Structure formats: C-alpha cells, structure tokens
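> So that you can map any letter, position 39 of the sequence shown is 39 in UniProt numbering, and since no number is skipped, the others follow by simple counting.
C-beta: ideal position from N, C-alpha, C; glycine also.
Quick caveat: nothing in here was measured; it's all calculated off a predicted structure.
What follows is a structure written as structure tokens; I'll ask about it next.
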Amino acid sequence: MGTYINDSWGCGLARDTLLYEPYGRTFPHDQAILLSPWDELSVPHKKRKQVFSSLLMIIDIQVDPNLMTFTPPDAAREKLVRELEYWCGEKRKERLKRWYELGGWMNWALNTYPLLCPMLNNFYPNLVGRKDSTSSVWVNNSICKDFHWGRRLLDNSSRVFLLKSLLWDFDNTTSLVYCDVCPKGMGFWYPNLGLGFYSPTPSHANPELIFYFEALCILSALYDAHLCSPPRGDGHFIIFTDNSNTVDIFESTHYMHFLLIITFSKPQSTFSYSATTAYMFCTYQGLDLGTMFEDLVF
C-alpha cells in the first residue's frame with residue numbers, strides 16, 4: 001500500500017510510453033499503469049505532480065538513471081559543510097533537538113555520500129539515554145574529529161555511482177584472497193599464486209580486539225591485492241573470511257570506534273563492498289589504497 005499512498009519512483013526505457021487519457025498525454029509505461037489503480041481507488045492525484053525526465057530531482061537530489069549517479073545541489077552541500085564547521089566550534093554544546101535535526105540531515109546526505117557513514121559512529125552513542133529535547137549535550141572531541149573528516153570528504157566529493165547495478169562474478173575476478181585470524185597471528189593467502197603472508201599479533205593484545213585484527217587482515221589483503229593489480233588501478237577482488245561480524249562492518253561501514261578507525265584520503269574515488277556471511281566481494285576504482293588509512297588505533 002505504500003506505493004499507493006506515498007510518492008513512488010522508478011525508471012524505464014525512454015521509448016516505452018503509454019497514453020493516459022484523463023491527462024491527454026503519454027507517460028512512461030509504469031507511471032501510466034500506476035495511475036489506473038489510483039483512479040479505481042479514488043486516490044486523488046494531480047497532473048503537475050506526475051513528473052518524469054532523464055534528470056529528475058528526488059528529495060532534493062538530482063538522479064541520472066543513465067549515468068547511474070545521485071548528485072545533490074551545490075548549495076545543499078555547501079550548507080552541510082558550514083553546518084559541520086559550526087558543530088566543530090570550540091567547547092560547543094547543543095540542545096538534544098538540534099542533535100536529532102542534524103542526524104536526520106546526515107541520513108539524507110548518506111544517499112549521495114555513503115562514505116560519510118563512519119562519521120556518525122560517535123554521534124549516536126552520545127545520545128543514548130537522553131530524552132529531554134531541551135537539554136544541552138556537549139560535542140566531544142571524537143565527534144569533532146569525525147566531523148572534520150566528513151567535511152574534508154565533502155570538499156573532495158562530487159557524485160556517487162550506483163555500483164550495485166554493476167554486476168561481476170568469479171570470471172571477472174582480479175584477485176582471490178583467503179583471510180584468517182587467531183589470537184596469536186593473522187594472515188592471508190592467494191590460492192591461485194600459491195603465495196601467503198603472515199604476521200603475529202602483539203603479545204599484549206586484548207582478546208576483545210579480535211575484530212580489529214580481523215578487519216586489519218582484510219585491509220592488508222586488499223592493499224596487497226591493489227599493489228598487484230593492473231596499472232590502470234581498477235580491480236575486482238574476492239576476499240574470503242570466516243568472520244561474519246567483520247563482513248558486517250565492511251558492508252555497513254559501521255564499526256566499534258574503540259576498535260578501529262578507517263578513513264579514506266581519496267573520497268572522490270568510488271569504493272564499495274557487497275558482502276555475504278562467508279565472503280565479501282570488493283570493488284574499487286582509482287582508489288589510492290596506500291594512503292587510505294588516517295588512523296589505526298587500539
């Protein structure tokens with residue numbers, strides 16, 4: 001029923017149109033078909049709201065189905081940058097209501113800047129247990145650092161490609177890597193090359209940091225695979241791991257902040273993960289993995 005009572009979006013072939021007689025004009029096929037059950041259900045609708053174009057503004061985001069890009073208006077991005085700068089002011093605190101307003105704004109921004117997701121990992125935990133919307137909450141140093149990182153990313157980002165629409169499989173794999181970690185060590189192995197790498201973990205390491213080493217092992221494998229990739233710098237990697245929690249971290253870009261901080265120094269590049277429980281498909285295009293880490297902390 002959500003399709004019938006809310007705004008509905010979709011895409012179709014430009015040549016596939018259908019006449020909708022009540023409005024006396026042609027619409028994309030699916031759009032015209034949708035209007036018919038609305039009429040049968042007596043759902044009111046207006047001609048001016050039945051829009052379609054090769055470039056369409058949806059929730060203030062320009063969508064291009066041919067280039068597969070989402071592009072926010074420059075003014076909206078600049079306003080968001082200014083807002084982040086404001087929140088990074090020295091010894092600042094804001095009312096809880098303002099925190100939730102910014103959270104909603106950032107969730108909108110994730111539609112076009114998905115790599116901003118790690119910026120919110122310290123944001124929401126700071127609001128846990130708070131209910132009085134008029135109470136003030138301090139902006140701590142961790143949040144300021146995350147916001148500074150997010151601002152730099154926005155300064156260098158333009159648009160996001162819908163990489164989930166670009167399919168590839170084992171036949172298109174650049175490198176196949178297996179990763180594994182135990183409390184005493186970690187390593188990764190290229191079965192096709194008969195080549196492997198191993199490193200012991202620090203003897204003083206807290207056992208709870210196993211997720212840190214799982215993620216570090218995968219990142220190390222990804223970096224090494226990048227070094228072995230074609231000069232063009234594009235590749236498709238399949239990385240196998242037996243730890244589903246680590247896969248979830250990469251799939252959602254959400255991490256436990258006391259375990260791992262990952263930042264990208266080339267935010268204009270595209271980088272995506274499509275993960276399942278047992279393995280993860282990694283795709284990168286033009287990303288300088290040699291400088292992708294700003295901090296790796298315990």
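Applying the criterion that 16 or more other CB atoms from any shown protein chain within 10 Å of the CB defines a buried residue, is histidine 204 buried or exposed?
The residue in question, histidine 204, is exposed, as its Cβ has fewer than 16 Cβ neighbours within 10 Å.
> Can you tell me whether DSSP reads leucine 18 as helix, strand or coil?
Note: leucine 18 maps to strand in three-state DSSP.
> Ordered along the chain, which non-local residues of its own chain (more than five positions away) have a Cβ less than 7 Å from that of residue 360?
What the structure shows of the chain is the stretch from 1 to 298, and residue 360 is not part of that stretch, so it cannot be assessed.
> Out of curiosity, what's the CA-to-CA distance linking glutamate 94 and valine 139?
Distance between the alpha carbons of glutamate 94 and valine 139 is about 8 Å.
> Taking the C-alpha atoms as reference points, what is the distance between valine 247 and leucine 18?
About 44 Å.
> Classify threonine 241 as buried or exposed, calling it buried when 16 or more other Cβ atoms lie within 10 Å of its own Cβ.
Result: buried.
> Excluding the 5 residues preceding and the 5 following arginine 151 in the sequence, name in chain order all residues of the same chain whose CB lies nearer than 6 Å to its CB.
Around arginine 151: Val81, Leu84.
> Among the candidates Pro200, Ser175, Gly185, Met68, whose CA atom is the shortest distance from the CA of proline 191?
Proline 191 has its Cα closest to that of Ser175, out of Pro200, Ser175, Gly185, Met68.
> Flag this pair as yes or no: are the beta carbons of valine 177 and alanine 221 separated by less than 8 Å?
Yes, Cβ-Cβ distance for valine 177 and alanine 221 is below 8 Å.
> Answer yes if the stretch 65-82 comes into contact with the stretch 106-118, meaning at least three C-beta pairs across the two stretches below 8 Å, and no otherwise.
Segments in contact, yes.
> Roughly how far, in whole angstroms, is the beta-carbon of serine 142 from the beta-carbon of leucine 96, given that I think they are within contact range, below 8 Å?
Incorrect: roughly 18 Å between the Cβ atoms, too far for contact.
> Phenylalanine 188 and cysteine 182 look like a contact to me (Cβ under 8 Å); what is the Cβ gap, rounded to whole Å?
Not a contact, Cβ separation roughly 13 Å.
> In whole angstroms, give me the CA-to-CA distance for lysine 86 and aspartate 39.
A small correction: the amino acid at residue 86 is tyrosine; lysine does not occupy that position in the sequence shown. Tyrosine 86 and aspartate 39: Cα-Cα distance of roughly 49 Å.
> Taking its Cβ as the centre, do 16 or more other Cβ atoms sit within 10 Å of glycine 196, making it buried, or is it exposed?
Result: exposed.
> With the cut-off set at 8 Å, would you say cysteine 217 and methionine 186 are in Cβ contact?
Closer than 8 Å, so yes.
> Flag valine 247 as yes when its Cβ comes closer than 7 Å to any non-hydrogen atom of the ligand NAD, and as no otherwise.
Annotation note on the ligand NAD: not contained in the displayed structure, which lists no ligands.
> Based on the DSSP output, what are the partners of tryptophan 189 in its beta bridges?
The partner list for tryptophan 189 (beta bridge, DSSP) reads Tyr178, Gly196.
> Quick check on tryptophan 9: buried or exposed, where buried means 16 or more other Cβ atoms within 10 Å of its Cβ?
When all chains shown are included, tryptophan 9 counts as exposed.
> Let me confirm a value: proline 200 is counted as buried when at least 16 other C-beta atoms fall within 10 Å, else exposed. Which label applies?
Exposed.
> Taking the alpha-carbon positions, what's the cysteine 11 to isoleucine 61 distance?
Whole-angstrom Cα-Cα distance: 15 Å.
> Taking its Cβ as the centre, do 16 or more other Cβ atoms sit within 10 Å of aspartate 146, making it buried, or is it exposed?
Aspartate 146 is buried by the Cβ-count criterion.
> Roughly how many angstroms lie between the CA atoms of threonine 26 and tryptophan 168, to the nearest whole one?
So the alpha carbons of these two residues sit roughly 36 Å apart.
> In whole angstroms, what separates the C-alpha of aspartate 30 from that of proline 37?
If I take the Cα positions, the gap works out to 12 Å.
> Grab me the residues of aspartate 64's own chain with a C-beta within less than 6 Å of its C-beta, minus the 5 sequence neighbours each way, in chain order.
Within the same chain, aspartate 64 has close Cβ partners Leu55.
> Checking 8 Å against the spacing of the C-beta atoms, do isoleucine 58 and tryptophan 108 come in under that value?
In this structure, tryptophan 108 does not lie closer than 8 Å to isoleucine 58 by Cβ.
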